[in-house]
Each structure stands twice: as structure tokens, then as C-alpha cells.
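Comments concern the structure below.
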Amino acid sequence: MMFGKKGELPELLPYLVIFIIFLIIVIAVIYLFYAGGLDFIKPAIEMGGKKFE
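Letter by letter, the sequence shown follows residues 5 to 57 of my numbering.
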């Protein structure tokens, strides 16, 4: 992978997207943990995230 070329962004873009998704998941888990503990995460996953719509 050659940095500084025009092909830099397309090569790093998938990693950037994966990192952002991972970061969102981590923040969501931490928020749910502080909001209601682990007992709140399981019902939220089973509902498919309807509470957030």
C-alpha cells in the first residue's frame, strides 16, 4: 500500500467504515450498560432496536 497516491482513500475506506461501525456499537453497549445494566441489553436486542426509532 503506497501512501500519498490517489488510491489511498479507496484502500483505507473499508477499514474506516468498519472502525466507525465498531465504535458506534461500543458506544451503544456502554450507554445501555449505564442506562439499565446488562438486563436491559437483551430485551433491546430482542426488540430489534424499536425503542430507538
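The beta-carbon is built from N, C-alpha and C at its ideal position, and this holds for glycine as well.
Same chain, Cβ closer than 8 Å to residue i, five either side skipped, listed in chain order
i: residue 17; result: none
i: residue 29; result: none
Sequence-distant residues of its chain with Cβ nearer than 6 Å to residue i (five each side left out)
i: residue 37; result: none
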